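Participant:
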């Protein structure tokens, strides 16, 4: 796979437009997924991913094969996402204390009679995915990026160090700090980690709808386009794991998101526009 990508890079650099289109198709979903974990909202992730791909395309000739091409792409992506303006989720300045308060007050409501079983199931899944995104927002950008790369994308410390332009030790320290903060909150609150914990998605979901945390008419994640058919989340499998692995597995359990169709159209339009020096 990596050798195929690097062949596309070589062809794209000498002006093969079709090779560039195929190269973008190979990397766009992974760029988008990293942006989504950092920015939390699909519309913001879509904008950022588009900006990142423009940088990748216009700097393609500077790829020196010091790493794999995808690692180089992640380096550009990380730099962009760590320095870009604050988007909607970050402007809310979510923190662990706010999440704790939401949990503490969220168990009094029941489902409205008009909400069907199928709708309840979808809302519960939306809440689970939304909650995981919110917890990532409780981390500052440096820790969030280290957690996304190291825990969710399972990048090794040397590769993570290259992506973030830090030492392997610095990358490991950031990842360790992020893990501790996430685990501390999850081990105390999340019913998916410990059945005796107070917060269970099914119990919190009616309140999440009532307070507007989840909008049943505008689901962000449960209905999101994905590359593969997503099976129902298996809670029983999660509890077969030790507690530390449950947290990591839970954060990796998001669907294999694919970029929205509007994104694909926008990128194709840009490639066809002749705006990029690489293609002229």
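Numbering (our numbering), first residue to last: 1138 to 1417.
Cβ atoms here follow ideal geometry from the backbone N, Cα and C, with glycine treated the same way.
None of the values given here were measured: they were computed from a predicted structure.
Under the rule that 16 or more other beta-carbon atoms within 10 Å means buried, what is residue 1404, buried or exposed?
Facilitator: Working through the chain shown from its first residue, we reach residue 1404 at position 267. Buried, because 16 or more other Cβ atoms sit within 10 Å of the Cβ of residue 1404.
Participant: Please work out which residues of its chain come closer than 6 Å, Cβ to Cβ, to residue 1247, disregarding the five sequence neighbours upstream and downstream, and give them in chain order.
Facilitator: For the purposes of this step, residue 1247 is taken as the residue at position 110 of the chain shown. Within the same chain, residue 1247 has close Cβ partners 1343.
Participant: Tell me whether the beta-carbon of residue 1362 lies closer than 8 Å to the beta-carbon of residue 1397.
Facilitator: Your numbering for residue 1362 matches position 225 in the chain shown. Your numbering for residue 1397 matches position 260 in the chain shown. Yes, the pair counts as a contact, with Cβ atoms nearer than the cut-off.
Participant: Rounded to a whole number of angstroms, what is the C-alpha to C-alpha distance between residue 1267 and residue 1178?
Facilitator: Here the question's residue 1267 lines up with position 130 in the chain shown. Here the question's residue 1178 lines up with position 41 in the chain shown. In a straight line, the C-alpha of residue 1267 is about 9 Å away from that of residue 1178.
Participant: State the CB to CB distance for the pair residue 1166 and residue 1364, rounded to an integer number of angstroms; the pair is presumed to be in contact (CB under 8 Å).
Facilitator: Within the chain shown, numbered from 1, the residue matching residue 1166 stands at position 29. Within the chain shown, numbered from 1, the residue matching residue 1364 stands at position 227. Contact holds; Cβ gap of about 6 Å.
Participant: Report the three-state DSSP secondary structure of residue 1401 (helix, strand or coil).
Facilitator: Position 264 of the chain shown, counted from the first residue, corresponds to residue 1401. Residue state, collapsed to three classes: helix.
Participant: Measure the C-alpha to C-alpha separation of residue 1327 and residue 1360 and round it to an integer number of angstroms.
Facilitator: Residue numbering aside, residue 1327 sits at position 190 when the chain shown is read from its first letter. Residue numbering aside, residue 1360 sits at position 223 when the chain shown is read from its first letter. If I take the Cα positions, the gap works out to 23 Å.
Participant: In the DSSP assignment, what are the bridge partners of residue 1327?
Facilitator: Locating residue 1327 in the chain shown gives position 190, counting from the first residue. DSSP output for residue 1327 lists 1336 as bridge partner(s).
Participant: Does DSSP classify residue 1149 as helix, strand or coil?
Facilitator: For the purposes of this step, residue 1149 is taken as the residue at position 12 of the chain shown. Looking at residue 1149 - three-state DSSP - the assignment turns out to be helix.
Participant: Would you list the one or two residues that DSSP bridges to residue 1363?
Facilitator: Taking the first residue of the chain shown as position 1, residue 1363 is located at position 226. Looking at the DSSP assignment, residue 1363 forms a beta bridge with 1394.
Participant: Over the uninterrupted alpha helix (DSSP H) stretch that includes residue 1352, give me the two end residues.
Facilitator: As a working note, residue 1352 is residue 215 in the chain shown. Unbroken run through residue 1352: none, as it is neither H nor E.
Participant: Suppose you measure from the CA of residue 1417 to the CA of residue 1281; what does that come to, to the nearest Å?
Facilitator: For the purposes of this step, residue 1417 is identified with residue 280 of the chain shown, where counting begins at 1. For the purposes of this step, residue 1281 is identified with residue 144 of the chain shown, where counting begins at 1. Caution is warranted here: a pLDDT of 43 is assigned to residue 1417, below 50, making its placement in the model unreliable, and no coordinate value can be reported.
Participant: Taking residue 1196 as the reference, give the member of 1212, 1339, 1181 and 1184 with the closest Cα.
Facilitator: As a working mapping, residue 1196 is identified with position 59 in the chain shown. Residue 1212 holds the alpha-carbon nearest to the alpha-carbon of residue 1196 among 1212, 1339, 1181 and 1184.
Participant: Would you call residue 1426 buried or exposed, if buried means 16 or more other Cβ atoms sit within 10 Å of its Cβ?
Facilitator: Missing from the structure shown is residue 1426; the chain here goes from 1138 to 1417 and no further.
Participant: By Cβ distance, which residues of its chain are closer than 6 Å to residue 1142, with the 5 residues on each side in sequence left out?
Facilitator: As a working mapping, residue 1142 is identified with position 5 in the chain shown. Correct list, in chain order: 1163 and 1206.
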